[in-house]
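Novice:
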Amino acid sequence: MDSLRKKLDKLKPHFIKGGRFEKLQSVFEGFESFLFVPDKVTFKGSHIRDAIDLKRTMIIVVIALVPALLFGAYNTGLQHFSSVGIDPTILQAFWYGFLKILPLIIVSYLVGLGIEFIAAQIRGHEINEGFLVSGLLIPLVMPVDIPLWMLALATAFAVILGKEVFGGTGMNIFNPALLARAFLFFSYPGWMTGDKVWTEGLAKGQNIIDGYSGATPMALRSAGETADLPSFMQMFIGTIPGSVGETSVVAILAGALILIATGIGSWKIIVSVFAGGLTMGIVLNVLSVNPYMELPFYYHFVMGGFAFGAVFMATDPVTAAQTESGKWIYGFLIGLFSILFRVLNPAYPEGVMLAILLMNVFAPLIDHYVIQANIKRRLRRSKVALNINSR
Amino acid sequence: MSRLIKLKRGFDIRLSGRAEKKLTGQVTPLLYGVKPPDFPGLIPKLDVRPGDKVKAGSSLFHDKIRPEVLFTSPVSGMVTAVDRGTKRKILGVVVEKSGEEYIDFGKADPGMLTREQIKERMLASGLWPSVRQRPYNIVANPADTPKSVFISGFDTAPLAPDFYFIVENTSAADLRLGLTAIKKLTEGKINMVLDGRRNDKTILEDIPEAEITYVSGPHPAGNVGVQIHHIDPVNKGEVVWHINLQDVAAIGRLFSEGIYRPERIVAITGSEVINTGYCKMLSGGAITPLAENNVKTGNNRYISGNVLAGVKIPADGFLGYYDSQITVIPEGDHSDFFGWASPGFNKFSFFRVFASSLFPKKHYRLDTNLNGGERAFVITGQYEKVLPMDIYPMHLFKAIMAGDIDAMENLGIYEVAEEDFALCEYICPSKTEIQSVIRQGIDLMIKEMS
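Chains as they are written, first to last, in my numbering: chain X, 1 to 391; chain C, 392 to 841.
#1: Within the 8 Å Cβ cut-off, does Leu482 (chain C) reach chain X?
#2: Per the DSSP calculation, Gly468 (chain C) is bridged to which residue(s)?
#3: Drop a sphere of 10 angstroms on the beta-carbon of Leu461 (chain C), count the other beta-carbons inside from all chains shown, and report buried for 16 or more, exposed for fewer.
#4: Determine the burial state of Asp87 (chain X): buried for a count of at least 16 other Cβ atoms within 10 Å of its Cβ, exposed for fewer.
#5: Give me the subset of the segment 595-624 of chain C whose CB atoms are less than 8 Å from a CB atom of chain X, sorted by chain position.
#6: Which residue marks the beginning of the alpha helix (DSSP H) containing Pro435 (chain C), and which one marks its end?
#7: By a C-beta neighbour count over all protein chains shown, 10 Å radius and 16 as the cutoff for buried, is Lys838 (chain C) buried or exposed?
#8: Are the C-beta of Lys859 (chain C) and some C-beta of chain X separated by less than 8 Å?
#9: Taking its Cβ as the centre, do 16 or more other Cβ atoms sit within 10 Å of Arg644 (chain C), making it buried, or is it exposed?
#10: What is the residue span of the beta strand (DSSP E) that Asn691 (chain C) lies within?
#11: Does Asp834 (chain C) come within less than 8 Å of chain X when only Cβ atoms are used?
#12: Between the segment 31-52 of chain X and chain C, which residues of the former have a C-beta closer than 9 Å to a C-beta of the latter?
#13: Nearest by alpha-carbon distance to Ala534 (chain C): which of C:Gly544, C:Ser521, C:Ala548, C:Arg506 is it?
#14: Please classify Ala472 (chain C): is it buried, with 16 or more other beta-carbons within 10 angstroms of its beta-carbon, or exposed?
#15: Tell me the residue span of the alpha helix (DSSP H) that contains Arg523 (chain C).
#16: Does the CB of Ile334 (chain X) have a neighbour CB from chain C at under 8 Å?
#17: Any contact of the segment 302-317 of chain X with the segment 331-351 of chain X, i.e. 3+ C-beta pairs under 8 Å?
#18: Runs of 3 residues minimum, wholly inside the segment 544-606 of chain C: which ones carry the beta strand (DSSP E) assignment?
#19: Please report the residue range of the alpha helix (DSSP H) in which Leu398 (chain C) lies.
#20: Please classify Asn386 (chain C) as buried or exposed, where buried requires at least 16 neighbouring CB atoms within 10 angstroms.
#21: Nearest chain C C-beta to Ser366 (chain X) closer than 8 Å, yes or no?
#22: Across the segment 766-777 of chain C and the segment 46-58 of chain X, are there enough close Cβ pairs to call them in contact, namely three or more that are closer than 8 Å?
#23: Which residue or residues does DSSP assign as beta-bridge partners of Leu414 (chain C)?
#24: Determine the direct distance from the alpha carbon of Phe185 (chain X) to that of Gly616 (chain C), and round the result to whole angstroms.
#25: How about Thr30 (chain X) and Phe117 (chain X): are their beta carbons less than 8 Å apart?
#26: List, in order along the chain, the chain C residues whose C-beta lies closer than 8 Å to that of Pro296 (chain X)?
#27: Run the CB neighbour count on Asp518 (chain C), radius 10 Å, all protein chains shown included, and call it buried at 16 or more, exposed below.
#28: Of all the CB atoms in chain C, is at least one closer than 8 Å to the CB of Pro317 (chain X)?
#29: Quick one: is Lys738 (chain C) near chain X, going by C-beta distance under 8 Å?
#30: If you scan the segment 26-108 of chain X from start to end, which runs of the beta strand (DSSP E) of 3 or more residues do you find wholly inside it?
#31: Which residues bound the beta strand (DSSP E) around Trp632 (chain C)?
#32: Can you name, in chain order, every residue of its own chain whose Cβ lies under 7 Å from the Cβ of Ala275 (chain X), other than the five neighbours on each side?
#33: Measure the Cβ-Cβ separation of Ala808 (chain C) and Ala410 (chain C) and say whether it is below 8 Å.
#34: Could you tell me the distance, in whole angstroms, from the CA atom of Lys671 (chain C) to the CA atom of Leu787 (chain C)?
#35: Would you say Gly455 (chain X) faces chain C, with C-beta separation under 8 Å as the test?
#36: Who does Pro721 (chain C) pair with in a DSSP beta bridge?
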């Protein structure tokens with residue numbers, strides 16, 4: 001480690017202002033602080049600081065995403081082999097899927113981090129770690145067959161127009177990963193919906209066996225094909241077609257456990273999204289007039305992106321409500337709207353993405369009312385004090 | 392029956408190097424310094440020049456805006472230096488001790504004196520600055536009458552001195568005399584706040600001049616600002632005063648002996664101190680006799696006060712006016728290979744993101760490394776967990792950063808001081824300088840409201 005440290009120290013003068021590569025200062029600092037937590041000490045305020053930093057925070061979220069990612073790789077392989085009528089071993093399925101997902105991850109990180117590096121250098125900032133998470137979330141909410149150039153375009157759109165124009169990490173209004181998905185959803189709907197895109201190879205029409213549909217449970221429900229719906233257990237485990245990381249509720253819950261145990265993800269948001277979904281699910285069951293509304297409410301939790309959205313998207317601290325009471329309201333409304341859009345909007349089979357993006361917009365408003373309540377409490381207290389004094 | 396307020400939110404940093412409960416006696420350094428930066432917002436005007444002879448209680452400098460507020464020498468001797476910083480800002484006036492000469496302010500029974508007479512003596516002797524006010528956490532305005540006075544009877548900060556131990560070794564008569572004097576300054580109560588987590592009793596519980604409230608909880612439960620917020624909150628236009636417990640005894644001494652002798656029991660703490668403990672010392676004394684041959688070798692940081700809200704001083708620096716604790720911890724000027732990715736058995740954190748959270752009893756030797764780079768605000772809902780007040784910290788910071796006076800007022804700027812937010816700063820994953828932000832906001836309020 002010492003020799004590496006010495007090499008870095010030797011290189012450093014070239015990258016500071018006036019050096020040969022001063023244009024790459026942010027990039028150099030980014031890599032340096034990636035390798036070594038810097039030797040910077042406190043100079044005012046608290047003399048000691050918590051061992052946590054933004055890198056550690058983000059890496060915890062990445063770790064929480066790993067179960068969903070691993071299962072996504074396995075499921076991608078499994079769906080592909082099922083579509084061509086082969087019964088793969090676990091390793092075979094996993095390896096096949098892994099090789100399919102890897103390019104998605106690489107493209108997402110290359111494009112996103114590239115833009116982050118440039119933006120940091122233009123602003124003269126250090127590189128923010130926010131994209132470490134977004135860069136992994138983006139491939140996980142995409143169909144596996146998405147062309148790489150589309151992924152690159154969507155990532156660039158999300159990072160530039162979703163984040164950097166607002167001032168970068170911490171300043172964005174919308175969740176960048178969902179924005180990337182929404183961009184493709186509205187620009188290239190043919191690649192984001194239907195029965196073909198969710199299984200690797202299906203769109204190219206490779207030797208599909210009879211009887212394999214490739215439709216997601218969401219699409220089946222929308223089309224009213226109740227009989228073909230996979231069992232609850234199968235959807236819970238996640239061996240169904242769908243976006244790369246969203247299918248397995250088991251893997252997502254494992255991630256949720258990590259987020260909640262470490263305190264990095266807000267358990268209030270996760271719980272309230274499920275509570276909101278539950279409420280709307282039951283309401284629709286009670287009022288049901290069509291087969292979709294009759295679908296038992298608990299099925300909604302294991303279908304589509306509901307669990308993934310609740311655990312990894314709604315909990316994004318930057319775009320969620322920032323007050324603790326606000327988080328309850330924010331999460332509950334996401335759950336409510338997700339199921340409402342899903343069942344009652346015939347245009348889109350899934351509602352989670354749009355519900356979260358909608359609530360991203362309303363999060364500051366929710367916070368505003370929570371803060372106003374605090375201000376009113378303070379004013380009331382001062383009026384009471386005034387009355388006592390004037391008596 | 393006294394009231395008990397239970398606070399849940401907060402955090403105790405498990406630092407090693409707590410002071411051993413033994414009093415080593417009087418320590419008499421040669422040099423003493425009175426430092427204007429100890430008093431936020433103060434514009435000092437010098438009353439002495441290097442070479443001048445002073446007695447204990449002679450004015451060294453006064454407040455430009457309120458010239459009656461004097462800052463006096465704790466010892467007799469000669470002014471040897473006036474330390475200045477950038478733009479000739481006065482950083483300290485240094486006095487070399489010789490002899491034992493005191494200005495005589497006259498013995499008196501504060502119970503027989505008027506409010507004005509008590510104020511005059513405190514102003515003249517240099518004890519007035521020990522009285523601070525909320526809002527703003529600055530030296531109290533002598534023209535105000537506070538709605539109540541607060542004295543915190545315990546300190547929950549990391550490695551803080553044990554006030555119960557200090558009280559055992561302080562003159563009870565002086566404490567009572569001090570309280571009698573302070574009682575005359577307010578129309579309301581004197582609130583003495585004691586530690587609800589402890590079962591042992593002190594003489595403080597038997598003092599009729601003060602009303603006892605118990606507050607229990609992790610740091611910052613011992614901060615007077617948090618106590619005021621829960622017991623008698625400051626609304627717009629109201630003023631509450633607060634005084635450190637040891638200064639109450641010094642005020643008592645002013646009346647019992649007629650002299651200014653700001654003696655206090657000081658705790659020497661921190662992982663780098665060889666023999667921790669308590670000693671008696673005058674306010675402003677150089678820490679040299681405490682630190683010499685008593686600190687482990689290495690690059691160390693000396694702090695007057697605690698690690699969260701104290702001030703960095705050199706190894707031969709001076710004890711701050713309001714401080715009764717010296718902390719020595721290692722500097723953290725080393726880089727840590729893949730530090731953010733390591734399991735972190737020796738990394739202490741408020742968050743459960745390191746392996747260290749599996750050992751809830753262990754104490755740590757923490758250094759001054761920032762442990763990361765400065766970033767934008769990302770994580771939410773964490774500051775609230777270490778601020779046991781009905782205040783939204785993040786929104787208050789943002790109002791201050793935007794310079795929005797109305798929002799600051801609405802969100803509670805009158806009730807807070809930097810030290811109340813020290814833990815927010817400690818836990819901040821984005822490494823924001825929160826205490827400076829708060830002081831910046833308070834300074835802006837003072838400017839706008841005067």
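From the three backbone atoms N, C-alpha and C, an ideal C-beta is built for every residue, glycine too.
Specialist: This is what the structure gives:
#1: Taking the second sequence and counting its residues from 1, one reaches residue 482 (chain C) at position 91. It does not: the Cβ of Leu482 (chain C) has no partner Cβ on chain X nearer than 8 Å.
#2: What you label residue 468 (chain C) is simply residue 77 of the second sequence in a count that begins at 1. Per DSSP, C:Val445, C:Lys488.
#3: As a working note, residue 461 (chain C) is residue 70 in the second sequence. So Leu461 (chain C) counts as buried.
#4: Working through the first sequence from its first residue, we reach residue 87 (chain X) at position 87. That one is exposed.
#5: Pro624
#6: Translated into the one-based positions of the second sequence, residue 435 (chain C) becomes position 44. No alpha helix (DSSP H) contains Pro435 (chain C), which is instead part of the beta strand (DSSP E) from 435-437.
#7: By one-based count along the second sequence, residue 838 (chain C) stands at place 447. The residue is exposed, with fewer than 16 neighbouring Cβ atoms inside 10 Å.
#8: This structure cannot speak to residue 859 (chain C), because chain C is shown only from 392 to 841.
#9: Position 253 of the second sequence, counted from the first residue, corresponds to residue 644 (chain C). When all chains shown are included, Arg644 (chain C) counts as buried.
#10: Counted from its first residue, the second sequence places residue 691 (chain C) at position 300. Looking at the DSSP string, the run of the beta strand (DSSP E) that includes Asn691 (chain C) is 691-695.
#11: As a first step, residue 834 (chain C) is located in the second sequence; it is residue number 443 there, counting from the start. Cβ-Cβ to chain X under 8 Å: no for Asp834 (chain C).
#12: Glu32, Ser33, Phe34, Leu35, Phe36, Val37, Pro38, Asp39, Lys40, Val41, Thr42, Phe43, Lys44, Gly45, Ser46, His47, Ile48, Arg49, Asp50, Ala51, Ile52
#13: Residue numbering aside, residue 534 (chain C) sits at position 143 when the second sequence is read from its first letter. The option with the nearest alpha carbon to Ala534 (chain C) is C:Arg506.
#14: Reading the second sequence from its first residue, position 81 is the one you call residue 472 (chain C). It is exposed - the Cβ of Ala472 (chain C) has fewer than 16 other Cβ atoms within 10 Å.
#15: One-based indexing of the second sequence puts residue 523 (chain C) at position 132. Here Arg523 (chain C) belongs to no alpha helix (DSSP H); instead the beta strand (DSSP E) covers 522-525.
#16: For the purposes of this step, residue 334 (chain X) is taken as the residue at position 334 of the first sequence. Output row for Ile334 (chain X): interface = no.
#17: yes
#18: 581-586
#19: The residue you call residue 398 (chain C) lines up with position 7 of the second sequence. Element bounds for Leu398 (chain C): n/a, residue is neither H nor E.
#20: Outside the displayed span of chain C (392 to 841) sits residue 386 (chain C), for which this structure offers no information.
#21: As a first step, residue 366 (chain X) must be located in the first sequence, where it is residue number 366. Going by the sequence as given, residue 366 (chain X) is Ile instead of Ser. No, its Cβ sits nowhere closer than 8 Å to a Cβ of chain C.
#22: yes
#23: Residue numbering aside, residue 414 (chain C) sits at position 23 when the second sequence is read from its first letter. Leu414 (chain C) is bridged to C:Tyr669.
#24: As a working mapping, residue 616 (chain C) is identified with position 225 in the second sequence. As a working mapping, residue 185 (chain X) is identified with position 185 in the first sequence. Using only the alpha carbons, I get a separation of about 52 Å.
#25: As a first step, residue 30 (chain X) must be located in the first sequence, where it is residue number 30. As a first step, residue 117 (chain X) must be located in the first sequence, where it is residue number 117. In the sequence as presented, Thr is not what sits at residue 30 (chain X); that position holds Gly. Yes, the Cβ-Cβ distance between Gly30 (chain X) and Phe117 (chain X) is below 8 Å.
#26: For the purposes of this step, residue 296 (chain X) is taken as residue 296 along the first sequence, with counting starting at 1. Per Cβ cutoff of 8 Å: no residues; Pro296 (chain X) is ~34 Å from chain C at best.
#27: Stepping through the second sequence from its first residue, residue 518 (chain C) is reached at position 127. The identity of residue 518 (chain C) in the sequence shown is Leu, whereas the question assumes Asp. So Leu518 (chain C) ends up on the buried side.
#28: Here residue 317 (chain X) is taken as the residue at index 317 of the first sequence, counted from 1. So yes, Pro317 (chain X) belongs to the interface.
#29: Here the question's residue 738 (chain C) lines up with position 347 in the second sequence. By this cut-off, Lys738 (chain C) is an interface position.
#30: none
#31: Locating residue 632 (chain C) in the second sequence gives position 241, counting from the first residue. First-last of the beta strand (DSSP E) with Trp632 (chain C): 631-634.
#32: Walking along the first sequence from the start, residue 275 (chain X) turns up at place 275. Phe332, Gly335.
#33: One-based indexing of the second sequence puts residue 808 (chain C) at position 417. One-based indexing of the second sequence puts residue 410 (chain C) at position 19. No, the pair does not count as a contact, with Cβ atoms beyond the cut-off.
#34: The count along the second sequence starts at 1 and reaches residue 671 (chain C) at position 280. The count along the second sequence starts at 1 and reaches residue 787 (chain C) at position 396. Answer to the nearest angstrom: the Cα atoms are 40 Å apart.
#35: No answer is possible for residue 455 (chain X): it lies beyond the span of chain X, which begins at 1 and ends at 391.
#36: Along the second sequence, one-based indexing puts residue 721 (chain C) at 330. C:Asn691, per the DSSP bridge assignment.
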